[in-house]
Amino acid sequence: MADKVTFEDLLKELDVITKTLEEKELPLDQALSMYQKGLELSKQCYDMLEEAQKLIVKEMK
Numbered sequence: 033m034a035d036k037v038t039f040e041d042l043l044k045e046l047d048v049i050t051k052t053l054e055e056k057e058l059p060l061d062q063a064l065s066m067y068q069k070g071l072e073l074s075k076q077c078y079d080m081l082e083e084a085q086k087l088i089v090k091e092m093k
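Convert by adding 32 to the 1-based position in the sequence shown; the result is the number in the working numbering.
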């Protein structure tokens, strides 16, 4: 069974992608692929934050 990916793991991977896109000259197809992966990671992070917010609001009631 695979370990659950943490928010921090996603942020680290997103940081690597961001730095790579900023610092390296990549072929267009590779840059677009990395950009798309970054968007997917951003969505996963956003979804995790949304779930955390719902939990906090629920606990405050």
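Each residue gets a CB set at the ideal place from its N, CA and C atoms; glycine is no exception.
- Nearest Cα to SER74 within the set GLU40, MET92 and GLU91: GLU40.
- By the Cβ test, the region 37–53 is in contact with the region 73–93, since at least three Cβ pairs between them sit closer than 8 Å.
- A direct Cα-to-Cα measurement between LYS90 and GLN62 gives close to 42 Å.
- Take the alpha-carbon of LYS56 and the one of ASP35: they are about 31 Å apart.
- Taken in chain order, the whole alpha helix (DSSP H) runs of length 4 or more contained in the region 33–78 are 39–55.
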